[in-house]
Structures are given as structure tokens and as C-alpha cells.
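In this text, residue positions in the sequence shown follow this note's numbering: the first is 3, and each later residue adds one.
Note that the Cβ used here is the ideal one computed from N, Cα and C, for glycine as well.
Structure record follows, encoded as C-alpha cells.
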Amino acid sequence: MTKKIFPSWIAVDWGTSNLRLWAMDDTANILGSAESPLGMNAIAGDPKLSFEAVLIDLIEDWLGADPAKLPVVICGMAGAKQGWIEAPYCDVPARPSDLAKGAVTPNVSDPRISVFILPGLCQRGDPDVMRGEETQLVGFMAQNPDFSGWVCLPGTHSKWAQVGDGMIKAFRTYMSGEVFALLSQQSILRHSVDDGWDNAAFADAVRTASEQPTAFLHSLFTVRAGALVAKGDASVAPGAAVLSGTVIGAEIADVLSRLAPGDDIALIGAGKLASLYQAALAVHNHKATPKDGAAITLAGLSRAYGVVTG
């Protein structure tokens, strides 16, 4: 018989394609977890689905008969325009408490829960937005209160955030993941990108992207030209490594040009993509050990829980 879980609150990371949930106690211990492929896009595209119904279905076993409402703290796309209810962006510079105080509370029909949806971040001078990553940044800041510099969150649209003095000061989004996917799958370069890989070729491409920033478009075509000119030559660098190094290298070169003296770099993520960013930063003599994104998300949600229920 499965032991019944009685959480003090529930943490939710509601993404575009999926969602993750954790049953939490008051000391930030995880009592249980669940996940689902019903992200924002799936719910918005199906009139038979609703955010509340999906949530209740996943947490039903965690809900007791206690008349006190169980707090549910949500970050991510549930607060987007197409989400459950829009949580207006919070402008940078922003402190963690600013984000928590910007939480919105949708009307729910189930009397057993109260829902708090956290806002994303907005930058107006150099227009940019994020939704979901800001909670990871809050969690990172809680674990690293003295950090000053830039935090990288690799992804389809990678985010780099300037953090210091207890606030998120600014951030930049790079479409590196999407550009790599488009070029490797839908452009002429698809004929030159296979499963081969070479770490040295990747590092060389990262270095070239920094040394020759205005040659980005030309560097892309060398992926194709190199394969054609030296066809059959085993020493030719694998196209995937060169393309990846060129795209990620251009992103990192731009960020490094913005570093102030004494700035540190941190990396939040896991898997192959985070390892590539770690390797690209190492080319420029920056050591950044990837930190677990799920744990940091939970740290950010825990901090928000303390504010919205305080």
C-alpha cells in the first residue's frame, strides 16, 4: 500500500511542452513528484483541457480532507498570455521579492487549493523577456548570495542574466539552439552535418567565432564547403562540431565582451548542451561547472512560497 503524502505546499514548473510538480514540506524537502507532457501548448490547443483540471488530476492523491487550502506555487508558461492567467512581466532590475509579490491568483473551483502564478521578467531598453528562467535565477541567488556576474541558462533560446547586489540587473536571449536546429535540419548545411564529432574542431570553431566575429555568415558556409572540397579526407572536421562551435561561439563571444572586471560566470543546466557550453567557456579560460536546473528551480519556488504565503 502506497503511503499517503500530506504536503505543506506544491511546487510546479509549467513549461511549454511539459510540466513538473513536487509535493513539498515546510523545510523544502521533496515528499513526492510527478510530471506530464501536458504543457501550455497541449492545453491551449485542446478545448477539452483546462489548467486547473490537469493540475488537480496530477495532485489528487496529495490533497486531503483538511479544509485549509493547499498553496500551489507555479512558475513558467502558466502565466503567459496563452496560459492559465497572464502574470504581467516584472521589469529589471528586479529582486526575488519583486517577482514573488507580482504573483497572480487565478480563480479556482476546487476549494482544496490556492494557486499563485509567478511573473516572468521584462527588459525594455534592450527589449527582452523570459518566463520560467527567472525562478531558476532566484534559486541560484538563494544558493549563491555573493555571486556577481553572468548566469547562463542554455536552451533553444539561451538566456544570460547579469546578477549582483541581490538582484537580476539585465539579461540577453540568444536563439542559438533554434538557429542550430534550423541550419542543421532545413538548410543546405544539413548535407554536411552527420553524427560525427570532434572536440578540437568544436573548440577551434568557438575560438574563430571570437577572433572573427564579423565572419559569422561565412564561417557557416565553410561547414558545407569544407566537406565538398576535401571529400573523402578523414581529417576534415565533422560538420556538426564546426556548426555547433560557430553558433555557440558567437553567443559566448558577445557575452564575454560585456563582462566587467571581476565578473564570474555560472552555468545552469544538464546533459550534452550544458557540457558544450562548459567546453566553449573553457576555450576562453572560464571555468563553469553546470548546476542542476531542477534543484535550482525548486530553490526559487521555495523562496517564492515563503513570500506569497507569508
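Comparing the CB of residue i with every heavy atom of the ligand MN, is any distance shorter than 7 Å?
i: Asp148; result: With respect to the ligand MN, the structure shown offers nothing to examine, as it has no ligands at all.
Would you identify the three-state DSSP class for residue i, choosing helix, strand or coil?
i: Met132; result: strand
i: Lys274; result: helix
i: Met79; result: helix
i: Met3; result: Because Met3 carries a pLDDT of 46, less than 50, the predicted location of this residue cannot be relied on, and the following value inherits that uncertainty. Here Met3 sits in coil by DSSP.
i: Lys176; result: Note that residue 176 corresponds to Tyr in the displayed sequence, not to Lys. Of the three classes helix, strand and coil, the one that applies to Tyr176 here is strand, per DSSP.
i: Gln214; result: coil
i: Ala30; result: coil
i: Gln84; result: coil
i: Leu269; result: strand
i: Ile194; result: First, the residue type needs correcting, since residue 194 is Ser and not Ile in the sequence shown. Three-state DSSP puts Ser194 in a helix.
i: Val208; result: helix
i: Pro90; result: coil
i: Arg226; result: helix
i: Val110; result: coil
i: Leu123; result: strand
i: Ser116; result: strand
i: Trp199; result: coil
i: Gly168; result: coil
Measuring straight from C-alpha to C-alpha, what distance separates residue i and residue j?
i: Ala144; j: Ser38; result: 28 Å
i: Asn20; j: Val231; result: 44 Å
i: Gly85; j: Leu60; result: 18 Å
i: Asp93; j: Gln188; result: 36 Å
i: Val249; j: Ala183; result: 11 Å
i: Asp196; j: Ala242; result: 6 Å
i: Ala36; j: Pro9; result: 13 Å
i: Ser160; j: Leu191; result: 22 Å
i: Pro95; j: Ser221; result: 36 Å
i: Trp162; j: Glu136; result: 11 Å
i: Arg97; j: Asp294; result: 22 Å
i: Met3; j: Ala268; result: Its pLDDT being 46, under 50, Met3 is placed unreliably in this model, and the value from its coordinates should be taken loosely. Straight-line Cα distance between these residues: approximately 43 Å.
i: Ile270; j: Val106; result: 27 Å
i: Thr291; j: Leu283; result: 10 Å
i: Pro147; j: Phe223; result: 44 Å
i: Leu72; j: Ile12; result: 8 Å
i: Ala207; j: Trp64; result: 50 Å
i: Ser259; j: Trp152; result: 12 Å
i: Gly251; j: Lys103; result: 37 Å
i: Arg209; j: Ala281; result: 11 Å
i: Ser52; j: Pro90; result: 20 Å
i: Lys274; j: Ser178; result: 15 Å
Determine the closest residue to residue i out of the options, with distance taken between C-alpha atoms.
i: Val257; options: Ala183, Leu155, Leu184; result: Leu155
i: Lys83; options: Asp294, Asp63, Leu57, Asn43; result: Asn43
i: Ser186; options: Gly151, Pro240, Thr210, Arg133; result: Pro240
i: Phe218; options: Glu253, Arg192, Ala203; result: Glu253
i: Thr158; options: Asn146, Leu23, Glu180; result: Glu180
i: Asp112; options: Asp200, Ala229, Glu62; result: Glu62
i: His288; options: Ala89, Ser35, Tyr279; result: Tyr279
i: Ser304; options: Ala30, Ala172, Gly312; result: Ala30
i: Leu139; options: Gly228, Ala229, Gly78; result: Gly78
i: Thr175; options: Asp128, Val106, Lys6, Leu261; result: Asp128
i: Ile7; options: Asp28, Arg22, Arg133, Leu33; result: Leu33
i: Gln125; options: Lys171, Ala89, Val110; result: Lys171
i: Phe204; options: Gln164, Thr18, Gly247, Ile115; result: Gly247
i: Thr311; options: Gly228, Ser194, Pro121, Ser116; result: Ser116
i: Met169; options: Asp27, Leu101, Asp130, His193; result: Leu101
i: Val165; options: Lys274, Gly302, Ile58, Asp265; result: Asp265
i: Glu88; options: Leu123, Val285, Val225, Gly273; result: Leu123
i: Pro121; options: Val75, Ser150, Leu40; result: Val75
i: Ala297; options: Phe142, His286, Leu275, Ser277; result: Phe142
i: Gly41; options: Val56, Val225, Asp28; result: Val56
Taking the beta carbon of residue i as the centre, do at least 16 other beta carbons fall within 10 Å, making it buried, or is it exposed?
i: Leu245; result: buried
i: Trp16; result: buried
i: Gly66; result: exposed
i: Asp213; result: Note that residue 213 is Glu in the sequence shown, not Asp. Exposed.
i: Trp24; result: buried
i: Trp199; result: exposed
i: Gly134; result: buried
i: Gly47; result: exposed
i: Pro49; result: exposed
i: Thr216; result: exposed
i: Pro263; result: exposed
i: Gly81; result: buried
i: Gly302; result: buried
i: Ala229; result: buried
If we cut at 8 Å on Cβ distances, does residue i have a partner in chain C?
i: Leu261; result: Note that chain C does not occur in the displayed structure, where there is just one protein chain.
Just grab the DSSP bridge partners of residue i for me.
i: Trp11; result: Met26
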